[in-house]
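Enquirer:
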Amino acid sequence: MANVETSLKEATTIIDGVLGAALVDCSSGMALGTVGGGKDLDLTVAAAGNTDVVRAKLRTMEMLGLKDEIEDVLITLGTQYHLIRLMKGRGSAGLFLYLALDKTRANLAMARHQLKKIEAELEV
145 MANVETSLKE ATTIIDGVLG AALVDCSSGM ALGTVGGGKD LDLTVAAAGN
195 TDVVRAKLRT MEMLGLKDEI EDVLITLGTQ YHLIRLMKGR GSAGLFLYLA
245 LDKTRANLAM ARHQLKKIEA ELEV
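Residue numbers (this note's numbering): 145 to 268.
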């Protein structure tokens, strides 16, 4: 089992094209850990904004009566992918992993696969 810092650093080294990564508390919108980012990608702002995305989708699923779980959310921009993976392990409910990826360098299928593996190994 890996801790938050180790897991986020792993994401930036094993997933091609990562611009930034964060572990986010969905109830508060606060980033519990971040790696990367910079002047063009403020991960604390991204954490709060993506919390709104997750909450909106959960509300919509509830209104539709869907009895399912969100695996991940993909937002495709002109130059980036933003990937949100809700955590489901013991003690990690209400948290999600967030990755911002450079679209020209990232392999989206591999990024999803690796992020799922990182989630499984992360101990919060």
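Note that the Cβ used here is the ideal one computed from N, Cα and C, for glycine as well.
Start and end of the beta strand (DSSP E) containing ARG229?
Expert: Stepping through the sequence shown from its first residue, residue 229 is reached at position 85. Unbroken beta strand (DSSP E) run through ARG229: 224-230.
Enquirer: Helix, strand or coil: which one does DSSP assign to LYS175?
Expert: Taking the sequence shown and counting its residues from 1, the one referred to as residue 175 is at position 31. The question names Lys, but residue 175 in the sequence shown is Ala. Reduced to three states, the DSSP call for ALA175 is strand.
Enquirer: If I measure Cβ to Cβ from LEU259 and keep anything under 8 Å in the same chain, skipping five residues before and after, which residues do I get?
Expert: The residue given as residue 259 occupies position 115 in the sequence shown. Result list for LEU259: ALA155, ILE159, ASP216, LEU227, ARG229, LEU241 and LEU243, in chain order.
Enquirer: Per DSSP, which residues does THR220 bridge with? Please list them.
Expert: Here residue 220 is taken as the residue at index 76 of the sequence shown, counted from 1. Note: THR220 sits in a beta bridge opposite TYR225.
Enquirer: Of the residues ASP212, THR223 and VAL162, which one's Cα is nearest the Cα of LYS247?
Expert: Here the question's residue 247 lines up with position 103 in the sequence shown. Comparing Cα-Cα distances from LYS247 to each of ASP212, THR223 and VAL162, the minimum goes to THR223.
Enquirer: Quick check: does the Cβ of VAL217 come within less than 8 Å of any heavy atom belonging to the ligand SAM?
Expert: Looking at this structure, you won't find the ligand SAM or any other ligand, since it has none at all.
Enquirer: Any contact of the region 247-256 with the region 158-177, i.e. 3+ C-beta pairs under 8 Å?
Expert: Yes: the two stretches touch, three or more of their Cβ pairs being nearer than 8 Å.
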